[in-house]
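See below for the structure under consideration.
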Amino acid sequence: NNTASASSQTFNLTFTESHPSTCIFSWNNTVNSTPTTAINIGANSWSCNVVNSTMVQGRTHIIAYVNDTATNWNSTDARTVIFDNIAPTIGAITVSPANATNFNASINFTIRSTITEVTSGFSTVIAQIDSVNYTAWNDGTQYRFALDNVLSVSPYHHYSFYANDTAGNTRTNIIEFSNL
Numbered sequence: 014n015n016t017a018s019a020s021s022q023t024f025n026l027t028f029t030e031s032h033p034s035t036c037i038f039s040w041n042n043t044v045n046s047t048p049t050t051a052i053n054i055g056a057n058s059w060s061c062n063v064v065n066s067t068m069v070q071g072r073t074h075i076i077a078y079v080n081d082t083a084t085n086w087n088s089t090d091a092r093t094v095i096f097d098n099i100a101p102t103i104g105a106i107t108v109s110p111a112n113a114t115n116f117n118a119s120i121n122f123t124i125r126s127t128i129t130e131v132t133s134g135f136s137t138v139i140a141q142i143d144s145v146n147y148t149a150w151n152d153g154t155q156y157r158f159a160l161d162n163v164l165s166v167s168p169y170h171h172y173s174f175y176a177n178d179t180a181g182n183t184r185t186n187i188i189e190f191s192n193l
């Protein structure tokens, strides 16, 4: 299984055969490639390549088929590629207590946001407070981060959530406020 974020992908099949003829690739059990002539890469080793420039969001199951000059066919096991070119979604960031004038160096506070990723799954979710990164956790409905007694006495603060998925798509949502 692989994850990809570009809509055009090159797929390669390398195999051993003394008299190959053609290769065909199928996407989700539908033959979608024109037969490709095998290229000799040395000592009965052959290679076939095909470019799929119409990858669609989600999972694609790929099977490669090869036949030889005697018309014998063989195929690979199905492989899965997850195509994902959509970054995670980060909802509004909420900070509690909600009244910014209540923030001082001795108060406990929490920042939260609903973050979703529907295709390939999360790789990282980070909460950032005044340029310091913290690992956020999922409480079942939202990602959140809580701090106790560590807010600086600066009157201006920046809060953000950063999320990236396993395909490398990223999204950041930032808020700032003053406790003046």
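Going letter by letter, the sequence shown gives residues 14 to 193 in the numbering used here. Yeah, the Cβ is synthetic: ideal placement off N, Cα and C, and Gly gets one too.
Taking the alpha carbon of residue i as the point to measure from, which residue in the options has its own alpha carbon closest?
i	options	result
Val-64	Arg-125, Asn-57 and Ser-39	Ser-39
Arg-72	Tyr-175, Ser-20 and Val-145	Ser-20
Ile-106	Ile-187, Thr-137, Ala-180 and Thr-47	Ile-187
Ala-56	Thr-47, Asn-177, Pro-33 and Asn-62	Pro-33
Ser-144	Asn-177, Ala-51 and His-170	His-170
Ala-91	Asp-97, Ile-52, His-74 and Asn-85	His-74
Ile-52	Thr-27, Ser-66, Asn-98 and Thr-67	Thr-27
Val-44	Trp-86, Tyr-78 and Tyr-147	Tyr-78
Gln-70	Asn-80, Asn-41 and Asn-25	Asn-41
Ala-159	Gly-181, Glu-189, Arg-125 and Asn-177	Arg-125
Report back the beta-carbon spacing between residue i and residue j to the nearest angstrom; my notes put them in contact at under 8 Å.
i	j	result
Thr-132	Ile-95	6 Å
Thr-123	Arg-157	6 Å
Asn-62	Thr-23	6 Å
Helix, strand or coil for residue i, going by three-state DSSP, please let me know.
i	result
Asp-178	strand
Glu-189	strand
Asp-81	strand
Val-131	coil
Ala-32	Note that residue 32 corresponds to His in the displayed sequence, not to Ala. Looking at His-32 - three-state DSSP - the assignment turns out to be coil, as it is neither helix nor strand.
Thr-148	strand
Gln-141	strand
Ser-39	strand
Gln-22	strand
Do residue i and residue j have their C-beta atoms within less than 7 Å of each other?
i	j	result
Ser-88	Ile-76	yes
Thr-29	Ser-58	yes
Ala-100	Thr-16	no
Thr-47	Cys-36	no
Ile-139	Tyr-172	no
Thr-185	Ser-136	no
Gly-104	Thr-127	yes
Taking Cβ positions only, does residue i come closer than 7 Å to chain B?
i	result
Phe-24	Absence of chain B from the displayed structure is noted, only one protein chain being present.
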